[in-house]
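Protein sequences, first through last, are from chains A and B. Each step along the first sequence adds one to the number in our numbering, with nothing skipped, and position 126 is 131. Each step along the second sequence adds one to the number in our numbering, with nothing skipped, and position 146 is 151. Heads up, the beta-carbon is just placed ideally off N, CA and C, and yes, glycines get one too. What follows is a short report on a single structure.
Number of protein chains: 2
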Amino acid sequence: MQLEKNTALFDNRLLASLPDKDHRQVLRCCESVELALDEVINEPGEQIRYVYFPTDCFFSLVTPPIDHAGLEVRLVGSEGMIGTPLVLGIDVTLLRTVVRGAGPAWRMTAERFPEALGQSEALQTRLNRYLFVLTNQVEQMVACTRFHVLEARLARWLLMTQDRAHSDHFHATHEFLALLLGVRRVGVTKAATALQQRNLIHYSRGDIRVLDRAGLQAAACGCYGDSEAIYERFLG
Amino acid sequence: MQLEKNTALFDNRLLASLPDKDHRQVLRCCESVELALDEVINEPGEQIRYVYFPTDCFFSLVTPPIDHAGLEVRLVGSEGMIGTPLVLGIDVTLLRTVVRGAGPAWRMTAERFPEALGQSEALQTRLNRYLFVLTNQVEQMVACTRFHVLEARLARWLLMTQDRAHSDHFHATHEFLALLLGVRRVGVTKAATALQQRNLIHYSRGDIRVLDRAGLQAAACGCYGDSEAIYERFLG
DNA sequence: TCCGGTCTGTGCGCCATCGCACATAAGACC
DNA sequence: GGTCTTATGTGCGATGGCGCACAGACCGGA
């Protein structure tokens with residue numbers, strides 16, 4: 006079965022490092038689900054119904070539109086989880102969560118999650134650390150968004166997405182990228198063209214392929230790597 | 006005594022709403038300290054030695070310099086606390102914390118804090134909520150910094166500082182504001198001049214006075230108010 | 001095979017901010 | 001009162017991104 010194969014290939018990194026006993030206990034509370042591209046998981050202000058531990062899918066978390074424009078503040082794949090407020094005992098989210106890469110995830114109901122958290126101190130500790138890392142990554146993103154030019158930010162986004170897609174090939178139109186990065190569509194076209202001309206990527210009608218990862222890293226701002234380093238330091 | 010008077014005038018909002026028993030218990034673990042302007046409380050990567058609950062002082066939390074420039078990501082006064090990572094069981098911070106307004110605060114050692122947290126479920130709940138609010142405010146700041154022009158951001162900063170200073174009069178040179186807002190000093194001069202010409206503020210050599218709060222609010226981006234609304238919704 | 005929608009590319013004037021350089025002003029100290 | 005330091009104000013060309021408009025390119029369905 007495709008689904009079994011995937012969940013075997015990629016475990017969720019937050020869960021994978023738990024002691025066997027805790028790991029099994031958590032998974033017993035989960036069901037395995039397959040998520041479709043562009044599926045909306047949460048809307049700002051809505052109640053959270055499920056917690057997700059992605060195994061081979063990934064999500065975009067976007068601020069509610071401010072002055073008619075949103076902005077992606079998190080990109081969450083198998084290294085993270087969806088539904089972080091519940092770790093703090095809060096059952097609403099103020100971000101829009103959308104599936105950006107289709108695939109399997111573990112899912113637990115919001116009702117069940119506090120129990121699971123209470124039963125495993127290891128899980129509690131690990132998710133606390135994850136929250137800390139997240140906060141710091143968002144803080145860094147404030148600076149990144151302020152100081153770095155579009156081309157570098159785009160390169161960073163492509164690298165982060167490649168990591169989470171577990172593939173050098175994924176989907177995103179310029180229009181959509183513009184929404185995530187908070188710029189004009191034309192700006193993305195210009196930046197993407199530049200990267201393509203340098204043979205770092207290839208794209209066509211929303212189909213993006215990373216050709217030269219090392220080159221992309223050189224084109225990206227240092228925030229790619231910094232952000233990952235914070236994760237490794239506290240959760241690696 | 007000056008200190009007694011101040012601590013009586015302004016309690017810390019996170020502590021104030023705790024049940025009496027918990028409130029007293031927490032304060033028993035604290036000592037009363039007086040903080041001086043520009044005192045550095047934490048440096049990025051350093052271990053956290055104390056937790057602070059400001060009563061009538063306030064702090065700037067700034068990202069470590071990225072490409073030779075930092076950026077203020079939090080402004081914390083009597084509505085908040087310093088040392089949030091400890092709520093998650095982490096004893097380091099990745100931000101630089103500086104006293105921006107001198108005054109009194111409650112202080113607890115990092116060793117003692119986990120106990121205090123364990124003894125009061127009300128405190129735990131309240132600080133969890135505070136963390137949630139903080140995260141959302143930072144996420145909003147990503148968008149604010151991206152979309153809003155300097156003059157509006159400056160106006161917002163002045164209002165937020167006025168709130169935390171509990172006074173329409175405080176200190177900050179253009180040079181310093183430039184560091185916090187991540188722009189050139191000259192940019193601040195231009196924006197500040199504009200606000201002064203409209204009789205919204207008066208300043209001279211770092212001495213800032215808010216003259217027309219309502220006018221400033223009109224000049225500020227909607228993020229001022231939005232941010233406060235999130236706080237009130239979850240902690241009000 | 002043609003048509004319509006979606007995606008990408010280009011041109012143009014505008015504006016906020018940048019980097020740099022220099023000018024003035026207001027305390028501070030002697 | 002003179003001198004030094006810190007704080008603020010101004011000028012100028014460069015640049016990254018904006019808003020708008022339109023052109024071409026590709027794809028799928030009738």
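Could you say which of the options lies nearest to residue i if we only look at CA atoms?
i         : options                                       : result
Val81(A)  : Leu221(A), Thr89(A) and Ser65(A)              : Ser65(A)
Pro109(A) : Ser232(A), Arg169(A), Leu200(A) and Val191(A) : Arg169(A)
Arg117(A) : Gln142(A), Arg190(A), Tyr208(A) and Arg54(A)  : Arg54(A)
Ala107(B) : Glu51(B), Glu120(B) and Glu44(B)              : Glu44(B)
Gly211(A) : Leu200(A), Gly241(A), Thr194(A) and Ala177(A) : Ala177(A)
Gly50(B)  : Asp16(B), Arg112(B) and Pro69(B)              : Pro69(B)
Asp231(A) : Leu76(A), Ala223(A), Cys35(A) and Gln145(A)   : Gln145(A)
Ser22(B)  : Gly85(B), Ser37(B), Glu77(B) and Arg101(B)    : Gly85(B)
Leu42(A)  : Arg189(A), Leu19(A), Ile95(A) and Cys62(A)    : Cys62(A)
Thr194(B) : Arg131(B), Leu184(B), Glu180(B) and Leu185(B) : Glu180(B)
Ile213(B) : Thr114(B), His174(B) and Leu76(B)             : His174(B)
Ala74(B)  : Thr130(A), Arg29(A), Glu233(A) and His153(A)  : His153(A)
Gln202(B) : Arg29(B), Asp217(B) and Glu48(B)              : Asp217(B)
Thr60(A)  : Glu48(A), Thr198(A), Pro24(A) and Ser83(A)    : Ser83(A)
Would residue i and residue j be called neighbours here (beta carbons separated by less than 8 Å)?
i         : j         : result
Ile87(A)  : Ala148(B) : no
Val215(A) : Leu128(A) : no
Val56(B)  : Leu93(B)  : no
Gln142(B) : Ile46(B)  : no
Leu164(A) : Tyr229(A) : yes
Val67(A)  : Val103(A) : yes
Trp111(B) : Ser37(B)  : yes
Val78(A)  : Leu99(A)  : no
Asp16(B)  : Ser125(B) : no
Ala224(B) : Ala157(B) : yes
Gly187(A) : Arg151(B) : yes
Cys34(A)  : Ala115(A) : no
Thr140(A) : Thr140(B) : yes
Kindly give me the distance between the Cβ atoms of residue i and residue j, rounded to whole angstroms, as I take these residues to be in contact under 8 Å.
i         : j         : result
Leu205(B) : Leu182(B) : With a Cβ gap of about 15 Å, Leu205(B) and Leu182(B) do not count as contacting.
Phe239(A) : Val138(A) : 5 Å
Gln52(B)  : Val97(B)  : 6 Å
Leu200(B) : Leu155(B) : About 11 Å separates the two Cβ atoms, so there is no contact after all.
Leu19(A)  : Tyr135(A) : 6 Å
Identify the contact partners of residue i in chain A, using a Cβ-Cβ distance below 9 Å as the criterion.
i         : result
Ala199(B) : The premise fails here: Ala199(B) is roughly 20 Å from chain A at the closest Cβ pair, so nothing lies under 9 Å.
Gln222(B) : Here the premise fails: no neighbours, minimum Cβ distance about 16 Å.
Gly187(B) : Val147, Ala148, Arg151 and Phe152
Thr102(B) : Neighbours of Thr102(B) on chain A: none; closest Cβ ~13 Å, over 9 Å.
Start and end of the alpha helix (DSSP H) containing residue i?
i         : result
Val31(B)  : Asp25 to Arg33
Phe137(A) : Glu126 to Phe152
His207(B) : That residue, His207(B), is in no alpha helix (DSSP H); its beta strand (DSSP E) goes Ile206 to Ser209.
Phe15(A)  : Here Phe15(A) belongs to no alpha helix (DSSP H), and DSSP marks it neither H nor E.
Thr166(A) : Leu155 to Ala170
Along the chain, where does the beta strand (DSSP E) that runs through residue i open and close?
i         : result
His176(B) : His174 to His176
Pro39(A)  : Note that residue 39(A) is Glu in the sequence shown, not Pro. Taken as a continuous stretch (DSSP letters only), the beta strand (DSSP E) holding Glu39(A) covers Glu36 to Leu40.
Arg101(B) : Arg101 to Gly106
Ile71(A)  : From DSSP, Ile71(A) is part of no beta strand (DSSP E); its letter is neither H nor E.
Ser65(A)  : Phe63 to Val67
Asp212(A) : Asp212 to Val215
Val45(A)  : Val45 to Asn47
Thr56(B)  : Correcting the residue identity first, residue 56(B) is Val in this sequence and not Thr. From DSSP, the beta strand (DSSP E) with Val56(B) extends over Tyr55 to Pro59.
Name the chain A residues whose beta carbon is nearer than 7 Å to that of residue i?
i         : result
Asn141(B) : Leu99
Ala74(B)  : Phe152
Pro90(B)  : Phe137
Gly108(B) : The contacting residues do not exist; Gly108(B) stays about 25 Å from chain A at best.
Thr114(B) : In chain order: nothing, as chain A lies at least about 20 Å away.
Which residues of chain B have a Cβ atom closer than 9 Å to the Cβ of residue i, listed in chain order?
i         : result
Arg134(A) : Leu93, Gly94 and Ile95
Gly123(A) : Those within 9 Å of Gly123(A) in chain B number zero; the least Cβ separation is about 13 Å.
Ile87(A)  : Within 9 Å Cβ-Cβ: nothing; Ile87(A) doesn't reach chain B, min ~14 Å.
Ile53(A)  : In chain order: nothing, as chain B lies at least about 12 Å away.
Residues of chain A with a CB under 8 Å from the CB of residue i: which are they?
i         : result
Val147(B) : Thr68, Leu76, Val78, Val143, Met146, Val147 and Thr150
Please list, in chain order, the chain B residues whose beta carbon lies closer than 8 Å to that of residue i.
i        : result
Ile46(A) : None at all; the shortest Cβ gap to chain B is about 17 Å.
What in chain B is Cβ-close to residue i, meaning under 7 Å?
i         : result
Ile206(A) : Under the 7 Å cutoff, chain B gives no residues; its nearest Cβ is about 24 Å from Ile206(A).
Thr130(A) : Gly94
Ile213(A) : Residues of chain B passing the Cβ test: none, with the nearest at roughly 23 Å.
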